[in-house]
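These notes are about the structure you will find just below.
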Amino acid sequence: MNRFVARSLMRGLIDGCEHSRRGISTVREHQSVGALGGFYWTRAMSSVVPGPTTPTVSEKKEKGAEAKKSDETAVVSSYWGVSRPRIKREDGTEWPWNCFMPWESYKADLSIDLQKHHVPKVFLDKVAYRTVKLLRIPTDIFFKRRYGCRAMMLETVAAVPGMVGGMLLHLRSLRKFEHSGGWIKALLEEAENERMHLMTMVELVKPKWYERLLVLTVQGVFFNAYFIAYLLSPKLAHRIVGYLEEEAIHSYTEYLKDITSGAIENVQAPAIAIDYWKLPKDATLEDVVTVIRADEAHHRDVNHFAADIHFQGKDLRDSPAPVGYH
Ligand SMILES: [Fe+2]
Ligand SMILES: [Fe+2]
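Here it is, written out as C-alpha cells:
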C-alpha cells in the first residue's frame with residue numbers, strides 16, 4: 001500500500017514537471033508577438049456583446065484562430081459553466097499562464113539594501129541565527145557551488161514558512177473572531193512568491209529522481225518542524241526565516257558571481273520569469289537571479305519585522321502587514 005502511494009506521488013511529481021515544460025514552449029510563441037504589460041478581460045462565452053466597431057477581416061481571422069486554439073487546448077467541457085475568463089495583455093496577445101495572473105506580476109524593487117543584517121542580541125535571536133548557520137553546513141557540503149541546483153532545492157523549502165504562518169494566523173482569526181491586520185495575506189503572498197521562484201528555477205535546472213526524493217523527505221521534516229516552532233514561538237519562527245533569507249541573498253550573490261565570471265552560462269530567461277517580473281524579452285539568467293535576490297531581501301525584512309513585533313510583546317495584527325511588498 002505504502003509502495004503504491006509512493007509510486008503515485010512520484011508519478012504525480014513527474015507529470016507536473018512535464019506539464020510545466022509544455023507550458024513554456026507555448027509562452028515563447030506568444031512572447032514573440034508583442035510587448036509585455038497590461039491586460040484586459042474577455043468572456044470565454046457565447047454571449048459576448050459585440051464592440052462598437054466592426055472588426056476587420058484580419059481581426060476576424062485572428063479571433064477565429066484563437067477560438068479554434070482554445071477549443072483544441074480545452075481539457076474539460078464544464079457542465080457547470082465554470083471556465084477561466086480569457087485574459088489578454090494590453091497588446092492583445094493571450095495571457096498564457098493559469099498559475100498567476102497579470103495583476104500579480106510586478107517589477108522587482110532592485111534598490112533594496114542587500115547588506116542589511118539583524119544583529120542577534122537576545123537569546124532567541126542567537127538560537128535562530130545559530131540554527132540557520134548550522135543548517136547551512138550540510139547545504140554547503142551537498143551542493144558546493146552548484147548554485148542552480150542549490151537554489152531550486154532550497155526554494156522547495158523557502159515556500160513553506162509563509163504557508164504555515166499564514167495558515168496558523170488564518171485559524172487563529174477564525175478561533176478568536178479577530179482580524180489579522182493583513183498578515184494572513186502577506187504571508188501567503190510570500191509563500192506564493194517563493195513558489196514562483198521554484199517554478200522559475202525548475203525551468204533552468206531539471207531535478208533528478210533522487211533530488212525529488214530528497215525534497216519529499218526534507219518537506220516532511222521541515223513542514224512539521226516549522227509548524228511546531230510557529231505554534232511554540234512565532235517570534236523565533238519569523239526570526240529563523242529572516243536569517244534564512246539573509247543566507248538566500250548570500251547564495252544568490254554567489255550565483256551571480258559565477259554567472260558574471262562565465263562559470264555558469266548566462267542563458268535566456270525562462271518565459272514564466274519574463275512575464276512574472278515584467279522583464280524585457282531578451283532578459284537573461286542574470287536578470288532573473290537579480291530579481292529573485294531582491295525578493296529574498298524583501299522577505300528578510302518582512303520576517304525580521306514580524307519577529308520584532310513579537311519581541312515588543314505585541315501581536316502581528318497590531319501592526320499593519322506589508323501586503324504587496326516586493
Ligand atoms: Fe526564494
Ligand atoms: Fe526566500
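Each residue of the sequence shown is one higher than the one before, counting from 1 in full-length UniProt numbering.
Ideal Cβ positions, reconstructed from N, Cα and C, are used throughout, including at glycine.
The model shown is predicted, which means the values in this text are computed figures rather than measured ones.
Proximity winner among the options, relative to residue i (alpha-carbon distances)
{"i": "residue 126", "options": "239, 94 and 171", "result": "239"}
{"i": "residue 162", "options": "99, 243 and 193", "result": "193"}
{"i": "residue 289", "options": "250, 308, 322 and 100", "result": "250"}
{"i": "residue 292", "options": "128, 152 and 135", "result": "152"}
{"i": "residue 135", "options": "247, 306 and 314", "result": "247"}
{"i": "residue 229", "options": "319, 165 and 141", "result": "165"}
{"i": "residue 139", "options": "154, 100, 320 and 84", "result": "154"}
{"i": "residue 325", "options": "181, 215, 108 and 211", "result": "108"}
{"i": "residue 286", "options": "133, 200, 207 and 217", "result": "200"}
Spatial neighbours of residue i in its chain, beta-carbon cut-off 7 Å, leaving aside the 5 residues before and after
{"i": "residue 95", "result": "39, 87, 88, 89 and 102"}
{"i": "residue 307", "result": "235, 238, 239 and 242"}
Sequence-distant residues of its chain with Cβ nearer than 6 Å to residue i (five each side left out)
{"i": "residue 53", "result": "With a pLDDT of only 45 at residue 53, under the threshold of 50, the placement of this residue in the model should not be trusted, and no figure is reported."}
{"i": "residue 311", "result": "235"}
{"i": "residue 245", "result": "296, 299 and 300"}
{"i": "residue 158", "result": "194"}
{"i": "residue 303", "result": "238, 241 and 242"}
{"i": "residue 110", "result": "294"}
Coarse secondary structure for residue i, derived from DSSP in three states
{"i": "residue 190", "result": "helix"}
{"i": "residue 260", "result": "helix"}
{"i": "residue 29", "result": "With a pLDDT of only 37 at residue 29, under the threshold of 50, the placement of this residue in the model should not be trusted, and no figure is reported."}
{"i": "residue 172", "result": "helix"}
{"i": "residue 306", "result": "helix"}
{"i": "residue 146", "result": "coil"}
{"i": "residue 219", "result": "helix"}
{"i": "residue 141", "result": "helix"}
{"i": "residue 90", "result": "coil"}
Supposed contact pair residue j and residue i - C-beta distance, whole angstroms, cut 8 Å
{"i": "residue 298", "j": "residue 112", "result": "6 Å"}
{"i": "residue 278", "j": "residue 106", "result": "7 Å"}
{"i": "residue 322", "j": "residue 186", "result": "6 Å"}
{"i": "residue 160", "j": "residue 219", "result": "7 Å"}
{"i": "residue 148", "j": "residue 264", "result": "7 Å"}
{"i": "residue 272", "j": "residue 203", "result": "6 Å"}
{"i": "residue 275", "j": "residue 80", "result": "Their Cβ separation, rounded to whole angstroms, is 29 Å, which puts residue 275 and residue 80 out of contact at 8 Å."}
{"i": "residue 114", "j": "residue 233", "result": "Contact doesn't hold; Cβ gap of about 28 Å is too wide."}
Proximal residues to residue i (C-beta, below 8 Å), its chain only, five neighbours per side dropped
{"i": "residue 179", "result": "173 and 317"}
{"i": "residue 116", "result": "297, 300 and 301"}
{"i": "residue 143", "result": "149, 150 and 153"}
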